[in-house]
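Novice: Numbering (the working numbering), first residue to last: 331 to 377. Just so it is clear, CB atoms sit at the ideal spot from N, CA and C, and this is done for glycine as well. One structure, pasted below without further comment.
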């Protein structure tokens, strides 16, 4: 039974790690697009 629990634990850990990496990649892409849009919107110098 311990091996079954270990397999389940490893599968859940890998799934959570994959979801975290996927969320980080999406957040980085979204932030880069937002920064590009903000820079494009601020092309006339505001200073």
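Who are the Cβ neighbours of residue 348 in its own chain at under 8 angstroms, not counting the five residues just before and after it?
Specialist: Nothing listed; no residue qualifies.
Novice: Nearest-angstrom Cα distance between residue 339 and residue 359?
Specialist: When rounded, the distance between both Cα atoms is 30 angstroms.
Novice: When you measure from the CB of residue 332 to every non-hydrogen atom of the ligand GDP, does any distance come out below 8 angstroms?
Specialist: You won't find the ligand GDP in this model; it holds no ligand whatsoever.
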